[in-house]
Each structure stands twice: as structure tokens, then as C-alpha cells.
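There are 2 protein chains.
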Amino acid sequence: MKFQKNTRKKSHNSITIVDVAKEAGVSYSTVSRVFSGFEFVNEDTRRKVVEAANRLGYVVNLQARSLAGGRSNIVGLLVPGIDNGYISEIVKGIDQELANSQYDLMLYTTHRYAGKEAYYVKMIANGLVDGLLLIVPLVTENYLQALPTQDFPYVLVDQADSERPSTTVDVTNWQGAYEATSYLLGLGHKRIGFITGLTQLSSSTERLDGYRAALEHHRIAVNPDLIIEGNYETNGGYLSMLRLLDRPIRPTAVFAANDLSAFGALEAIRERGLEIPRDVSVIGFDDIPEASIVYPKLTTIRQPLIQIGQVAVRLLLEKLDDPEKEARRVTLATELVIRDSCAPPRE
Amino acid sequence: MKFQKNTRKKSHNSITIVDVAKEAGVSYSTVSRVFSGFEFVNEDTRRKVVEAANRLGYVVNLQARSLAGGRSNIVGLLVPGIDNGYISEIVKGIDQELANSQYDLMLYTTHRYAGKEAYYVKMIANGLVDGLLLIVPLVTENYLQALPTQDFPYVLVDQADSERPSTTVDVTNWQGAYEATSYLLGLGHKRIGFITGLTQLSSSTERLDGYRAALEHHRIAVNPDLIIEGNYETNGGYLSMLRLLDRPIRPTAVFAANDLSAFGALEAIRERGLEIPRDVSVIGFDDIPEASIVYPKLTTIRQPLIQIGQVAVRLLLEKLDDPEKEARRVTLATELVIRDSCAPPRE
DNA sequence: GTGAAAGCGCTAACAT
DNA sequence: ATGTTAGCGCTTTCAC
């Protein structure tokens, strides 16, 4: 690890509790009590202190508080990156919910620490934050193992943890995929392609399973040639779709494991001179904001993205309030959103 | 200010430099020196320390470092919210650039502190972060006044500061607007509407000025009836466009001060049964990712969003490295991106 | 109910 | 080149 050379002290000429104590004529531990929410302070004293603080423009120094054993009132959010409608919607929910609390947000993007996740997480948890929110953590194992104590508060967003009981919020991936596939089936499609997500993520395999189950339920054999690996990204969806179209038996419909992939598929289909949904129907998963903006508007399975973020925060705060609280998993419902990208097959 | 009641200590059972010092058989200030990048440490000692640290799994505690007068290696980012393609692109640039440095990012959204901006900023600057990035700060004045010291490092993104010399990165708003309007003019349009942004922002007035200048340059009288106030949001653009269409003289083209507004305009136009670009042309500003996804694809003025974020970070790091560095303003070029939402007028 | 004092993990003089 | 020591601003015993 390289570190910045320390050339200069930060300018720290701020008002501290000592100043406030002087101004209010009390000891500085009293000031501390007032601001840390300690209950047994005389009303008069409290008022004096608060007034003095306001007069001076005092604001608490979170690092000092945290160092001294209190809380930093900061929660960490670990995401791959923010350049993704799916994630920014969840972040929006997180932000909204956090705004109702006294917590601030520290944003960590993992892409910069590929291969050093453990170090990174340790640093984060060791440092500043009271708890951690992990969104689709690709290397869940590494992350969690690195947590400094068994009971460091964290919650997993949209990723199951098979190793230990982890507080988790996710959605009905299997059911959503089942419903998407059934919808296509109901439209009359028989050859339905599936573009997977990142196969190491539980959401991806759950969706694949849902797709399979729906086909089987309709007594349609699952054709491995119609299942093709994607990566949850637009370009991956594009490439996969191209390969799918080049196969001898072309699907009349495609279910992409997320909207981003579906966008790529849309592009690929058009590039082959085919029309959507006339020649091939496309359905996605997520319902990110862009889904209703693209042309044609994407039929998709909606995840309550904002709500996911909110729930994640609530679970974390619960755990922060009561460390004994045991891990639980909240699974939110998905919902089919019918728009313009699906139609019955032509033939 | 309410604060969280402090029910429990954070579990802090982490390895400190004292442990490392013991393990390595040196004093703990030596360990500090090694990890804070101090130069004059014997190679042997350094190696011993690093090895001991690795063995123990030591990671630095940033709060303690920062409290003790060092740097936290965290920069703060103050944004209205992240739910906006414009902002998330800039954030992406910021994140990319930060990844090359040793800095982490603390994200603050202002919407939660409406009316208490000063307090909020003070708290931020007082606390943790070494410097601050302010994106389109609506209440620039309040923010800047609240900075604890005259020389607290900050940079303003896409907002001019008329009060004091502030390090700023922005784009050629005037020129971009001039070019957009000229393009429409060149297509043959005479009645060109303008949907403004948030009027208190310099970017908005600059764009309006550019629009006016282009018209004047083409000897077309600026018609106040064609200028209508928006708010940089989709819904605002939608509402403004509706009003514009209801005026006696309908514009044949509209320039929206940003893409989000343009999207709203698109919707409004369609809702009135008109076709784009046949009946009315639309041009935007920003070129957020969605601009090339909407239908029809939006012709717009591109801002180098990612680059803006990168430059902002670079400017801040410069300032952090050398506090004496004086304020400067970097203005990046915009560029016309022609897509499908503009055509010559019909009549 | 309030004050005094120790200490959180670290940096930065000041010594040696 | 390395050790010693005094804080940074705060919370939290422990006294009174």
C-alpha cells in the first residue's frame, strides 16, 4: 500500500466541546453528555449548553466521537460501481431512508480493488463505518470473511449467502422468471431463449431455474442451445443475442436476465434486420428507469428497487440498534410489467 | 439536532500500530512512520514492520489518523441526489479518477438538509473529509460561507461563483447553446422555443444567453413568449412544453436547457398528437446516456460528463497537495451531437 | 446531575 | 534513523 505523503496538517481550527463548555460555564463532559444524547442532564444545563453551542456554531466531530468509542453515524455502501440504473435506483432508496436517520453514507466502489477485496473491506469496517451495505457483492466470500468481528453489522442486497446466516434483502427471482417465461409461453411462444446473468450470482441462477421450471410446467423441453451466458451488462446481452440469432433454430422470444442485457438484445435483433416484437419478443428483468424509455418500451419483471434500498437500510439500522438481533432475510415481490416489446409469434 | 442515543460501543477489537510495533520489536512511532509514508526509515526496519503488519492483518484506522492531524484520505461529494443521469455520469468520472489516488469517497446528498445547508457543510468539512466536491450546488452561497476556513479545499462543478475566486470546472454553456440554436436555425426554423433550467444556476442563464445571441445573430427577434421556465427536470420539461404548445404561435422547434427537460418535452409533444421531428424538432443539452436510448434518439449538446468529474478530482487533489495553489477555472468544450429529434420545419 | 481523568489509534514535534 | 511524548475531540468510567 502506498500512501499519500503527509506534507501538511489539515487545518483544524474548529470549535470543540471545550470551547462550548467554557462558553456555557460547565465541564466539557457535560457538553459531551448533551450532544451524545445522554439522558440525565438537568434541563437548565442542557439549555445553556445548546445555546452556547449555537452561539459558537459548534458541530460535533464525528471522527473523534467514533474514535472515542461512540458511533460514527456513517454507514458504508459497497457497490461495484454506480454507473448502472439498477444500482442507482437502489442507492436512491438507501439515500432516502438514510435521510430519515442520522446516518451519512460512505460510498465504496469495488472495481478499484479487484483482487484485494479482503483488504478493502477490512479497512472499511475497521475504520469509519458503523455498518455495511453490500450490493451484489461479486466476491461475497472474500468480503464477509474479512469483516473484523463475527458480529459486524452488515446486510446483503440481492445476493444470497449460503455459508452463514446473513441479513439479506432480495426479491422473488425464481417466481419473477417463472412469470416472465409463462407470459411468453402464454403468448404462444415455443422457442424461448434465455440470456443469463453473472452465473456466480444467486439472482442469476434463481432466474434460470424459474425459466426452466416454467418451460417444464408447460411440457416444453428445455433446450440448452437456447440458453446462453451473459453478464448482466448491455454489451454482454448484445453479444449473446447475436450468437443466439445465429443458431440454426432461432428463438421467437428471448428472456434476458436483466434489463441491461435486454437492451443489448434489442440492439442485436435490430442489427440483424429483425423487428421487435414482430419477429422476436424480448422481456427483461429489473424495470430500471430506462426500460420505459427505450424503443420499443421494454416488457419486464419489476423489482421494487427503491424499496429494496429502503428495506436494506432499515434492516441495518435495526441491527445497529440491537446487535443481538438475529439475521433475517426479507424477500420482496416482483411484478410483471407489460409494455411493447412482446407479442405473439408470427408463424 | 437530534442524535442517536448511544446504546452500545462499537466493537473495536482491531489490530493497532501498538500491536504491530510489539510484533516487529520497534517503537510504535516507527510503525506510524512506515505507514504514513515517512521517508527516513531504514529499509530493514521497514521490511520488518510491513511483515509484522501483514502477519497480524493490520490496516490503518483512518479516523485516528485524521484526528491526529493527518489526512483522512477521504473527499466529500455534495450532490442534490444521485437519481439523475447527469450527476451519475459525473460521479462515475469522479470515482474513476479517485480510484487512481488513495482517496475514498463520502457521499452527501443535500435534499435531506434543505434549509440547513450551512450546518450540513460545516459538519462535513469539520469532520472527516480532506476536501469537498460540490456539484451544481443550488445554494452555493450558504455552502461556501459555511466552510470552516478560508482555504478549505473545494471545487465547484458546473456552477460559477461570482463572490470569490473558486476553483471551478464547467463547460462552454453559452457556446453550446449558441450552437444548438444555430443548428435549428440552419435547419430553417424561425420559431424556436426555449425551456430554461433552474434560473438561479449560472449554467441556465448562460444557456439562455447563448440561445438569445444565436437568434440575434440571425436577425430573428427574441420572442419572450417562446421562452418558458423549466427546472432541469423531466416533469418540468413536460409541463413547460405543454404550455408552449398551447400558445397561439406554436414553435416548430424547441431547445430544452438539458436532456431531462427534453425528455419531458418529447412526451408532451407526443401527447398532443404531434410527431417528432416532423411537427416539432427537439434539441437537448448534456448528452446523458438516456439521450441515445429514447425514441427518437435525442439530438443534443454533449457535455463531457465523465471528464468533468475527472477534472474536478484532479483540481481538488492539486489543491490538496499544494494548498497555496490558487483557484482556477477549467472550462471544457461542448459538442453538438446530431441524432434523430431534429428536422427542417414542415411548412 | 456533574466534574475529573483515562484512553480510543494515530501523527508530529522533540529528543537522542 | 528511531524512541518518547503530547495531543487531536470525543466518550465513558469513576468519583463526588
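Those sequence lines, one after another, are chains E and S. Just so you know, we're using our numbering here: the first sequence kicks off at 8 and counts up by one. Just so you know, we're using our numbering here: the second sequence kicks off at 8 and counts up by one. Beta carbons: idealized from backbone N, C-alpha and C, even for Gly.
Following the DSSP letters along the chain, one finds residue 313(E) inside the alpha helix (DSSP H) bounded by residues 312–328. Per DSSP, residue 147(S) is one residue of the alpha helix (DSSP H) stretching across 147–152. Its chain contains 24 as the residues whose beta carbon lies nearer than 6 Å to that of residue 39(S), once the 5 sequence neighbours on both sides are disregarded; these appear in chain order.
Chain order gives the chain S residues near residue 98(E) as 89, where near means a beta carbon separation below 7 Å. For residue 101(S), the three-state secondary structure derived from DSSP is helix. Proximity to residue 264(S) across 286(S), 295(S), 125(S), 279(S) peaks at 295(S), based on C-alpha coordinates. Of 165(E), 60(E), 218(E), 276(E), the smallest CA-CA separation from residue 207(E) is found for 165(E). Here residue 243(S) is not near residue 217(S), since their CB atoms are 8 Å or more apart. Pairing residue 347(S) with residue 315(S), the inter-Cα distance amounts to about 26 Å. Of all residues in the stretch 184–217 of chain S, none has a C-beta nearer than 9 Å to a C-beta of chain E.
Between the C-alpha atoms of residue 121(S) and residue 251(E) there is a straight-line separation of about 51 Å.
Residue 179(S) sits in coil when the DSSP states are folded into three classes, being neither helix nor strand. When only Cα atoms are considered, residue 108(S) and residue 136(S) end up about 15 Å apart. Three or more Cβ pairs closer than 8 Å define a contact, and the stretch 57–67 of chain E falls short of that threshold against the stretch 283–291 of chain E. Residue contact with chain S for residue 244(E): absent (no Cβ-Cβ distance below 8 Å to any residue of chain S).
CA-to-CA, the gap between residue 233(E) and residue 310(E) works out to about 25 Å.
In this structure residue 198(E) does not touch residue 276(E) by the C-beta definition: roughly 14 Å separates them, more than the 8 Å allowed.
Comparing alpha-carbon positions, the option among 104(S), 131(S), 116(S), 301(S) lying closest to residue 321(S) turns out to be 104(S). Comparing C-alpha distances from residue 327(S) to each of 162(S), 307(S), 272(S) shows the shortest one belongs to 162(S).
Per DSSP, residue 218(E) lies in no beta strand (DSSP E) segment; the continuous alpha helix (DSSP H) that holds it begins and ends at 209–224.
In the DSSP assignment, residue 270(S) falls outside any beta strand (DSSP E) and lies within the alpha helix (DSSP H) extending over 266–278. Taking 9 Å as the Cβ-Cβ cut-off, the stretch 101–123 of chain E approaches chain S at 102, 103, 105, 106, 107, 108, 109, 110, 111, 112, 113, 114, 115, 116, 118, 119, 120, given in chain order. Residue ranges of uninterrupted alpha helix (DSSP H) with 4 or more members, entirely inside the stretch 66–100 of chain E and ordered along the chain, are 69–74. Residue 344(S) has 307(S) as its beta-bridge partners, per DSSP.
The beta-carbon of residue 59(S) is placed no less than 8 Å from the nearest beta-carbon of chain E. Taking a C-beta distance under 8 Å as the contact criterion, residue 85(E) and residue 140(E) qualify as a contact pair.
By the CB criterion at 8 Å, residue 21(E) and residue 230(S) fall outside the cutoff.
For residue 267(S), no CB of chain E lies under 8 Å from its own CB, so it is not counted at the interface with that chain. Under the three-state reduction of DSSP, residue 206(S) is assigned to coil, being neither helix nor strand.
The three-state secondary structure of residue 254(S), taken from DSSP, is coil.
Ranked by Cα distance from residue 147(S), the options 87(S), 299(S), 336(S), 26(S) are led by 87(S).
If you compare the alpha carbons of 330(E), 123(E), 273(E), 118(E) with that of residue 302(E), the shortest gap goes to 273(E).
In terms of Cβ geometry, residue 80(E) and residue 111(E) form a close pair [threshold 8 Å]. For residue 263(S), there is no enclosing alpha helix (DSSP H); the enclosing beta strand (DSSP E) covers residues 260–263. By the rule that beta-carbons nearer than 8 Å mark a contact, residue 290(S) does not touch chain E. Interface criterion not met: the Cβ of residue 238(S) is under 8 Å from no Cβ in chain E.
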